[in-house]
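> Protein sequences appear in the order of chains A and B. Under UniProt numbering, the residue at position 130 of the first sequence is numbered 130, and the numbers go up by one with no gaps. Under UniProt numbering, the residue at position 157 of the second sequence is numbered 157, and the numbers go up by one with no gaps.
Protein chains: 2
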Amino acid sequence: MRLLLVEDDARIAADVSAVLTGAGYTVETASDGKDAWFLGDTEDYDLIILDLGLPSMDGMALLKRWRANGRHMPVLVLTARGSWAERVEGIDAGADDYLPKPFQFEELLARARALIRRSVGHGAATIAIGAVTIDTRAMRVSVNGVPQSLTPLEYRLVSYLGHHRDRIVPPTELQEHLYGDDFSRDANALEALVARLRKKLGAVAIGTRRGFGYYMGETAP
Amino acid sequence: MRLLLVEDDARIAADVSAVLTGAGYTVETASDGKDAWFLGDTEDYDLIILDLGLPSMDGMALLKRWRANGRHMPVLVLTARGSWAERVEGIDAGADDYLPKPFQFEELLARARALIRRSVGHGAATIAIGAVTIDTRAMRVSVNGVPQSLTPLEYRLVSYLGHHRDRIVPPTELQEHLYGDDFSRDANALEALVARLRKKLGAVAIGTRRGFGYYMGETAP
DNA sequence: CAGGCGCTGTCAGCGATTTGTCAGCTTGAT
DNA sequence: ATCAAGCTGACAAATCGCTGACAGCGCCTG
Chain A
1 MRLLLVEDDA RIAADVSAVL TGAGYTVETA SDGKDAWFLG DTEDYDLIIL DLGLPSMDGM
61 ALLKRWRANG RHMPVLVLTA RGSWAERVEG IDAGADDYLP KPFQFEELLA RARALIRRSV
121 GHGAATIAIG AVTIDTRAMR VSVNGVPQSL TPLEYRLVSY LGHHRDRIVP PTELQEHLYG
181 DDFSRDANAL EALVARLRKK LGAVAIGTRR GFGYYMGETA P
Chain B
1 MRLLLVEDDA RIAADVSAVL TGAGYTVETA SDGKDAWFLG DTEDYDLIIL DLGLPSMDGM
61 ALLKRWRANG RHMPVLVLTA RGSWAERVEG IDAGADDYLP KPFQFEELLA RARALIRRSV
121 GHGAATIAIG AVTIDTRAMR VSVNGVPQSL TPLEYRLVSY LGHHRDRIVP PTELQEHLYG
181 DDFSRDANAL EALVARLRKK LGAVAIGTRR GFGYYMGETA P
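(1) Starting from the beta carbon of P152/B, find every residue of chain A whose beta carbon is closer than 7 Å, and list them in chain order.
(2) Just the chain B side, please: which residues come within less than 9 Å of E173/A by C-beta, in chain order?
(3) Check whether the Cβ atoms of M202/A and Y215/A sit closer than 7 Å, and answer yes or no.
(4) Please work out which residues of its chain come closer than 6 Å, Cβ to Cβ, to E7/B, disregarding the five sequence neighbours upstream and downstream, and give them in chain order.
(5) Let me know if V132/A comes out buried or exposed under the rule of 16 or more other beta-carbons within 10 Å of its beta-carbon.
(6) Helix, strand or coil: how does DSSP classify Y179/A here?
(7) So with CB distances below 8 Å, who are the chain A contacts of R113/B?
(8) Excluding the 5 residues preceding and the 5 following R209/A in the sequence, name in chain order all residues of the same chain whose CB lies nearer than 6 Å to its CB.
(9) Looking at the unbroken beta strand (DSSP E) that takes in P170/A, where does it start and where does it end?
(10) Could you tell me if Q104/A is buried or exposed, where buried requires 16 or more neighbouring beta carbons within 10 angstroms of its beta carbon?
(11) Please list the segments of the alpha helix (DSSP H) lying wholly inside the region 192-217 of chain A, counting only runs of 4 or more residues, in order along the chain.
(12) Using a Cβ cut-off of 7 Å (strictly closer), state whether A138/B contacts chain A.
(13) Is there contact here, the region 31-38 of chain B with the region 194-201 of chain A, by at least three beta-carbon pairs under 8 Å?
(14) Using the C-alpha atoms, what's the distance from H163/A back to A10/A?
(15) Whose CA, out of D186/A, G211/A, L157/A and D46/A, lies closest to the CA of R113/A?
(16) Run through the DSSP bridge pairs and tell me what P152/B is partnered with.
(17) If you compare alpha carbons, which of M139/A, V158/A and V77/A is closest to K130/A?
(18) How would you list, in chain order, the residues of chain B whose beta-carbon sits under 7 Å from the beta-carbon of R167/A?
(19) Residues of chain B with CB closer than 8 Å to the CB of E176/A, please, in chain order.
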């Protein structure tokens, strides 16, 4: 689960981020509206927690612009207590839930869980694509219920493809994810890795779009 | 999509260029400010990625001179992390976005996508023209909702025409965008490519204005 | 410390796909 | 009607991705 926290107060951001991280989420933070806009517009998050009253851009405007661009990820808005006008405006802007400040962390977690569960199908800790099941918590992968022993690199590859299911992932992006900035490897290393994975998961588990990249899931030709 | 990368460190330039090329862009590189200024002033790019701290000319000065000359293409500036002064100065100079070094290639790609999308005026990640729909994120094209399997070059061509809808694009411009500086191809290569595309997208998807070029969308006769 | 083992990068060759080129044909403008 | 621009189908060359084999490396065990 990947969350974006939009919060300008560094201390609050650190606290909330720590709580969420402790609950098992991957948290990224944006401290001003410009960063938030780019991240929310270009990255895929399972939930965005948006504090209103940002310095460089109005949080509500931010939300409206995301929705106008067809971004429909769940957004939990943090408002000042009792500002009813904001709540009404937020409903139009497309927020999914509200939490008045100050709030209990417990309540934040509960609402975050509910929103994530409600939103996409992959609210669980496991990703299932065809015969392949990825248990992200236990870092285990099964095929037709039979657990497979994957090497670390292999697991990182399925995991990445699984989290980006139904999307073509370019080889360069995979290389960056697997190897970081180190580009010393031959391009063939990735191909060899994919080949080994297919041997374990079945040839159809990972698809190739020649000239574009690899994918898992449905991608009609 | 045609990009200009202004970067003096040859190793970084090679890496970044490889990533961008892998993502489907045509990348040209300038390793010093003089070349960069000339290219940026005379050629048309969909995005310029500008590293500050060039040897023969200050990157910021470069940007200011482009803008002073009425060049308004999107510019993504690479800054040293935390150099806030540079960011502020850059805003005045006319940069569109910033990325502190070191950065993840994935983030660079995301921001590049966002800038290009924004500049062309299509806020959404999909472009719809007649029966044809281009999903720039998934790099997929559908006709009447039916996904088509396009080759990389074919995709780059529809993508370019789609981003410049309702405008007649001269063959020379298309060649530059598809092949970069490489002038080795026969002029007929492009025509053959268009023919193959029309077979997949339908003959009416791409129009020809004899003597001027190709277009998608509505164009006054 | 030696040997074995698992992981991963590299190499070379194959097969399929993509793409450039050619030759002949069609179309549109004058 | 004529000519050039553009279209098309066929073919060949270049490219891309897959695979099996092998080698280097780190790690564990005896």
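The C-beta atom is built at its ideal place from N, Cα and C for all residues, glycine as well.
Straight from the coordinates:
(1) G211 and F212
(2) Neighbours of E173/A on chain B, chain order: V19, G22, A23, F105, E106 and L109.
(3) Contrary to the premise, residue 202/A reads as Gly rather than Met in this sequence. It is not a contact, given that the beta carbons lie outside the stated cut-off.
(4) A13 and D51
(5) Buried is the call here.
(6) helix
(7) T42
(8) These residues qualify, in order along the chain: I168.
(9) Where P170/A is concerned, there is no enclosing beta strand (DSSP E), given that its DSSP letter is neither H nor E.
(10) exposed
(11) Runs found: none.
(12) yes
(13) no
(14) Near 29 Å, if we compare the C-alpha coordinates of H163/A and A10/A.
(15) Looking at the Cα atoms, D46/A is the closest of the given residues.
(16) In the DSSP output, where bridge partners are listed per residue, P152/B has none listed.
(17) Looking at the sequence shown, residue 130/A is not Lys but Gly. Nearest option by C-alpha distance: V158/A.
(18) A138
(19) V19, Q104, F105 and E106
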